[in-house]
Amino acid sequence: MRRSITLGLAAATAVAALGLPALATAANAAPTSTASTASAPHHHDWDYDGWWGTYWSSNHLAKAKGYVDVNYDDEESNRVHITGKLWDNDHRTYGQGGKCAYIQFRVSSWDDSEDDWSSSVKWYKYCGAGGYKQINFWRYDVAQVQAKVCQIGQYSSFPVKCGSWHDIYNAYEDDFGYDV
């Protein structure tokens with residue numbers, strides 16, 4: 008281990024000794040076809056993937072987490088794949104007030120203005136304390152995706168004890184959360 012660190016430091020020192028003009032000369036010596044290929048934009052530059060969550064209901068009796076994979080065809084044409092799990096951690100019986108886990112996703116397309124969530128909504132409900140349900144869906148031409156975890160009655164259509172909305176993917180921001 009120590010030997011590799013020493014060799015790495017020696018290599019870094021040698022490169023620094025050459026100076027920046029030498030590095031620029033080496034870069035200019037590269038074949039023209041490689042340089043033009045490297046500078047050509049590729050849709051892969053916009054691709055994104057990463058983990059989202061863990062997100063909770065406000066009372067921490069439901070939770071969700073997962074993975075998002077975004078693949079671009081061009082600047083405003085993409086395929087977004089959301090996967091994950093939704094856990095029901097409410098071990099009370101329904102007679103005792105127990106509820107099911109619930110997650111709602113909202114999606115904004117490129118045609119909508121930023122934070123216009125009229126495009127699409129997807130939700131999952133899971134009733135089974137101690138277990139989980141798989142989350143798996145696709146959307147196309149997506150600019151933003153957000154998720155909110157709640158609880159919901161077994162036969163209800165109205166979620167309660169909701170946590171806040173969380174960005175899963177936002178094409179309008181870079182990796183550091185700043186507007187682009």
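The sequence shown begins at 8 in the numbering used here and counts up one residue at a time.
Ideal Cβ placement from N, Cα and C applies to all residues, glycine included.
On a predicted model such as this, the values are computed, not experimentally measured, just so you know.
C-beta contact flag for residue i and residue j at 8 angstroms
i: Ala136; j: His98; result: yes
i: Gln111; j: Trp124; result: no
i: His67; j: Trp145; result: no
i: Val149; j: Ser116; result: yes
C-alpha distance - residue i paired with residue j, whole-angstrom precision
i: His173; j: Gln161; result: 25 angstroms
i: Ser64; j: Lys168; result: 6 angstroms
i: Tyr74; j: Trp58; result: 4 angstroms
i: Ile175; j: Gly104; result: 31 angstroms
i: Phe165; j: Lys140; result: 19 angstroms
i: Cys134; j: Ile159; result: 9 angstroms
i: Tyr79; j: Thr90; result: 18 angstroms
i: Glu180; j: Lys106; result: 35 angstroms
i: Cys157; j: Ser127; result: 18 angstroms
i: Ser84; j: Asn96; result: 38 angstroms
i: Gly138; j: Ser163; result: 20 angstroms
i: Asp52; j: Thr61; result: 27 angstroms
i: Thr41; j: Arg113; result: Confidence at Thr41 is low in this model, with a pLDDT of 38, below 50, so the placement of that residue should be treated as unreliable; the coordinate-derived value is given next. Between Thr41 and Arg113, the C-alpha separation is close to 42 angstroms.
Closest Cα partner of residue i within the set the options
i: Thr72; options: Asn66, Lys92, Asp81 and Glu83; result: It should be pointed out that residue 72 corresponds to Lys in this sequence rather than to Thr. Measuring from the Cα of Lys72, the nearest candidate turns out to be Lys92.
i: Tyr109; options: Ile142, Ile175 and Trp59; result: Ile142
i: Ser171; options: Asp56, Lys155 and Ser115; result: Lys155
i: Arg86; options: Thr61, Gly60, Asp56 and Asn96; result: Asp56
i: Asn177; options: Glu121, Gly138, Ser163 and Asp52; result: Glu121
i: Glu82; options: Val114, Asp54 and Thr61; result: Asp54
Exposure label - residue i; buried when at least 16 CB within 10 Å
i: Tyr101; result: exposed
i: Trp94; result: buried
i: Val77; result: buried
i: Tyr147; result: exposed
Problem - Inside the segment 71-125 only - beta strand (DSSP E) runs reaching at least 3 residues - result: Qualifying beta strand (DSSP E) stretches, in chain order: 84-95 and 107-116.
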